[in-house]
Amino acid sequence: MKSDSSSIATRQVILVTGAARSGKSEWAENLAHNSSKSVVYVATAIMTSEDREWQKRILKHQQRRPSNWITIAEPKNLTRVINQAKPDQCLLIDSLGTWVANLLDVKANNWDTITNNLLFSLTQTQSQLIFVGEETGWGVIPAYASGRLFRDRLGHIIRQIGTVADTAYLVTGGHALNLSVLGTALDRMRDEEVIE
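According to this note's numbering, the sequence shown is numbered sequentially starting from 3.
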């Protein structure tokens, strides 16, 4: 896979989004591989013994990763992981959707604090960060309140990270589109625009 990551600097935030099975994780892995930094794969998924299909997905991701990558599991506290990262590291955080799902039971005011702390950590880090996030808002409106909350929170955090990211990609149709080159950045959402 070809990438345009030759100009990756010490401190950089990259957002890679796309639909399910779009290749977004593979593109993010390619960017991390070409970063010339020590890669730390931050897995937000929680492995459960009763879900065999989920286990197969996680195993597939694990088998794709180079053996010299460090893997850490952090299902909830991404801010801590980012704050502890070293300048010579590239953190590949996969995925925002799983992270949001892990925190879905958090009340709105606590969710705001968590996301504000995360966004602040992005401005303070000296590491390279690559976030993988699912695009969920392009389909039908979820029938249940929990589905709508998930969609809204995920859409919100992806937009917020996208506004502070140095580069944002959309992976679709077998192509990684550099939205930072092709698109126009929107302003960060104000807190009152967030649907809770």
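Every residue gets a Cβ at the ideal spot worked out from N, C-alpha and C, and that includes glycine.
>> Considering Cα atoms alone, identify which of Arg23, Ser37, Ala21 and Ser24 is closest to Val15.
In response: Taking the first residue of the sequence shown as position 1, residue 15 is located at position 13. Out of Arg23, Ser37, Ala21 and Ser24, Ser37 has the C-alpha closest to the C-alpha of Val15.
>> To test your reading of the DSSP string, which unbroken alpha helix (DSSP H) runs of 4 or more residues are found completely within the segment 33-98?
In response: If we require 4 residues or more, the alpha helix (DSSP H) runs fully inside the segment 33-98 come out as 54-66 and 80-86.
>> Once the 5 residues before and after Ile72 are set aside, which same chain residues still bring their CB inside 6 Å of it?
In response: One-based indexing of the sequence shown puts residue 72 at position 70. Cβ within range, chain order: Val42.
> Beta-carbon separation of Ser1 and Pro89 under 9 Å?
Replying inline: Missing from the structure shown is residue 1; the chain here goes from 3 to 198 and no further.
> Apart from the five residues on each side of it in sequence, which residues of its chain come closer than 7 Å, Cβ to Cβ, to Ile159?
Replying inline: Position 157 of the sequence shown holds residue 159. These residues qualify, in order along the chain: Leu98, Val102 and Thr117.
> What is the DSSP secondary structure of Ile143, counted as helix, strand or coil?
Replying inline: What you label residue 143 is simply residue 141 of the sequence shown in a count that begins at 1. The answer is coil: DSSP assigns Ile143 none of H, G, I, E or B.
>> Measuring only the C-alpha atoms, how far is Val183 from Ala75?
In response: The sequence position of residue 183 within the sequence shown is 181, counting from 1. The sequence position of residue 75 within the sequence shown is 73, counting from 1. If you take the alpha carbons of Val183 and Ala75, they lie about 33 Å apart.
>> I believe Gly157 touches Thr19 by the beta-carbon criterion, under 8 Å. Please report the beta-carbon distance rounded to the nearest angstrom.
In response: Taking the sequence shown and counting its residues from 1, one reaches residue 157 at position 155. Taking the sequence shown and counting its residues from 1, one reaches residue 19 at position 17. 10 Å between Cβ atoms; not a contact.
> Where DSSP assigns a beta bridge to Gly20, which residues make up the other side?
Replying inline: Taking the sequence shown and counting its residues from 1, one reaches residue 20 at position 18. Partner(s): Glu136 and Val173.
> Between the C-alpha atoms of Gly185 and Lys26, what's the straight-line distance to the nearest angstrom?
Replying inline: Counting from one through the sequence shown, the residue named residue 185 turns up at place 183. Counting from one through the sequence shown, the residue named residue 26 turns up at place 24. Cα to Cα, the separation comes out at about 18 Å.
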